[in-house]
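First up is the structure itself, then whatever we jot down about it.
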């Protein structure tokens, strides 16, 4: 069971986060201040950390850069009331692995945290991704289903790559927009659904993995039922 | 952005002052020389008159018989061409003297008269129509004697004065013009520096102050007053921004809590209407979030510090990406979305993610407000050093009266109230365009129906 350290000064938010994480089968630990959070993080034993960017005693950026300076590479999801793009860049530059702006939805937080928890160790770059009968060649940019070639547009290829890397896991629309198109704002339309719809038509078949829509949340690439 | 009334040479106050002085000087010079001319010519007239009267007086006393001889003798000491006489029969026939014709216009009253068109004087190589003073005398034997004195000296004086006026004026005006050129340059340069500075302030750099010199003159006094005003404005703006940021920050935590609590409720396995109510409340909170984030985003964009992060980008890549992103959606709605970008556009400087966000909003609107079967066109064209990006559709269009309002924060046209969205789309586009120093125009395409949004982007 993975353990998550929640560094958050607002008690209500911290409890909500922890309840949600526990609901997803994760162990949680709460640190209400930066000092305590840093001490616990250094003590170790966590698989991921959610870190409030603005704490009463320490700045979130200081905590993350201290951790990285000490050689600790626990994935950190920064949660911030500062939505400015520059703030995001600073957060990620100081060593954060992902950045989420308040007010966020719990679904988004959990989805991002699970991606961080399952992130493969650095250096393990596969040339090939396989899920069910789908085989994605990352070098030749080709997809085969049970030996049969399926042609994909570049966008569809990127979408499927991300879904397959995080197969069986919920990915939200903003995560997809961020990963596939590289932008960090909320497109605010159902345009991602349309792209997923196109991809779905190409890859789905009898006995193949399917992209399930999770209402109000995102998508999951799942094994055939 | 440029300020109205950029400095023009002749508009500077020193130019005006020098112009006014020159005008005053010319007028004064003209009056002075006019009076001088009038006085001198009056004096010369009087002198001529007296001489003529003396001569007349003398000839009155000469006998008719000796007159001709006396007159002929006078020629010995009178200057030819200046003093002249003419002796005529009663019927006007010329008897003797340089004056050949009897002038009928000369009044017959024994007094000296000034004739503008001179008398005919029989002097070779001399101009014969000069002005002169003349006097007509009736002799007792019926003959007529005319005595004349040339008025040329008076016009000569006029000529001298005219020349003096010409030289005087040109010798004053030419150094004056040179002086003006030198004098206006320095203050004009200072004004141009001030203008450049205000342009930077207008484009959002409120920390800038007008430059002061150590002369403490009128310009400095003015610049100082403006600087004090700017100080005040900047402080007020910072206070307003501080309040807004404070409100935004204070709202973020409760909104996060609200969503967390609603989320927990959703997990409680509620039944029927309860579950529905919770999910409706969740949807409402989503709507609040969207609008709140949109507002924050616009405030963030109005803070122009982000301009420092501008980079060169290719318009082709940007539009291609936007087209690729939206084409499937248009296709699904039975609309056609075309892209027309020439290959040789100059690169632009800007924040590409933000411009992409602007295009996403424009294309989203175009798709929303164009009926199935409609056409949406994304295009770009180079116009000199500018690039004109256009998003046109043949949908229902925006009424002319609403075109300006749609870029205001939160404005929604009556017709669009049924459509989903936070009403910030075009305001966001306007804010992005503004922070780039581009300009936005909304009009009707050439086909007559629909909307055409164009963004004019000057090349860096």
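Chains as they are written, first to last, in my numbering: chain W, 50 to 274; chain S, 87 to 546. Every residue, glycine too, gets a C-beta built ideally from N, C-alpha and C. It should be emphasised that the depicted structure is a prediction, and the values quoted were computed from it without experimental measurement.
Exclusion of the five residues before and after residue 532 of chain S leaves no residue of its chain whose Cβ lies closer than 6 Å to its Cβ. For residue 459 of chain S and residue 423 of chain S, the gap between their C-alpha atoms comes out near 10 Å.
Of the residues W/85, W/182, W/208 and W/204, the one whose Cα lies closest to the Cα of residue 196 of chain W is W/182. A contact between stretches requires three or more CB pairs, one per stretch, nearer than 8 Å, and the stretch 401-414 of chain S fails this requirement with the stretch 519-537 of chain S.
Of W/192, W/233 and W/95, the smallest CA-CA separation from residue 248 of chain W is found for W/192. Under the criterion of beta carbons closer than 8 Å, residue 77 of chain W and residue 113 of chain W do not qualify as touching, at roughly 19 Å.
Within the stretch 153-165 of chain W, 153, 154 and 155 place their CB atoms closer than 7 Å to a CB of chain S, listed in sequence order. Per DSSP, residue 114 of chain S is one residue of the alpha helix (DSSP H) stretching across 99-147. For residue 61 of chain W, the nearest CB of chain S lies under 7 Å from its own CB, placing it at the interface with that chain. For the set W/61, W/269 and W/108, the Cα lying nearest the Cα of residue 348 of chain S is the one of W/61.
About 15 Å separates the Cβ atoms of residue 346 of chain S and residue 130 of chain W, ruling out a contact at the 8 Å cut-off. Per DSSP, the unbroken beta strand (DSSP E) holding residue 97 of chain W starts and ends at 97-101.
Leaving aside the five residues that flank residue 150 of chain S on each side, the residues in its chain whose CB is nearer than 8 Å to its CB run, in chain order, 225, 226, 227 and 229. By the Cβ neighbour-count rule, residue 326 of chain S is exposed, with fewer than 16 other Cβ atoms within 10 Å of its own. Proximity of chain W to residue 360 of chain S at the Cβ level (cut-off 9 Å) is not reached, the minimal Cβ distance being about 17 Å.
For the set S/544, S/478 and S/518, the Cα lying nearest the Cα of residue 535 of chain S is the one of S/478. The DSSP assignment places 397-399 and 422-426 as complete runs of the beta strand (DSSP E) inside the stretch 372-428 of chain S, in order along the chain (cut-off: 3 residues). With a cut-off of 8 Å on Cβ pairs, the stretch 132-150 of chain S is not in contact with the stretch 244-252 of chain S, counting fewer than three such pairs. For the pair residue 518 of chain S and residue 404 of chain S, the CB atoms are not nearer than the 7 Å cut-off.
Contact note: residue 439 of chain S reaches chain W through 134, 231, 232, 233 and 234, using a C-beta cutoff of 9 Å and chain order. Annotation: Cβ neighbours of residue 244 of chain W in chain S (cutoff 9 Å, chain order): 411, 414 and 415.
Boundaries of the alpha helix (DSSP H) around residue 85 of chain W: 83-92. In the three-state scheme derived from DSSP, where H, G and I count as helix and E and B as strand, residue 236 of chain S is classed as strand. Under the DSSP assignment, residue 76 of chain W falls in the beta strand (DSSP E) whose first and last residues are 76-80. Secondary structure of residue 300 of chain S (DSSP, three-state): coil. Not a single C-beta of chain S is nearer than 7 Å to the C-beta of residue 81 of chain W. Apart from sequence neighbours up to five positions away, the residues of its chain that approach residue 265 of chain S with a beta-carbon distance below 8 Å are 104, ordered along the chain. When rounded, the separation of the alpha-carbon atoms in residue 198 of chain S and residue 172 of chain S is 15 Å.
Sequence-distant partners of residue 169 of chain S (beyond 5 residues in either direction) whose C-beta falls short of 6 Å from its own C-beta, in its chain, are 235. For the stretch 427-452 of chain S, the beta-carbon criterion of a distance under 7 Å to any beta-carbon of chain W is satisfied by 439, 442, 443, 446 and 450. In the structure shown, residue 62 of chain W adopts helical secondary structure according to DSSP, grouped into three states.
At the C-beta level, residue 451 of chain S and residue 511 of chain S come within 7 Å of one another. Within chain S, the C-beta atoms nearer than 9 Å to that of residue 69 of chain W come from 346, 349, 350 and 353, in chain order.
By the neighbour-count definition (other C-beta atoms within 10 Å, threshold 16), residue 158 of chain S is an exposed residue.
Neighbourhood of residue 238 of chain W in chain S, by CB distance below 7 Å: 450, in chain order. Runs of alpha helix (DSSP H) with 4 or more residues, each lying fully within the stretch 434-522 of chain S, are found at 438-454 and 511-522, listed in chain order.
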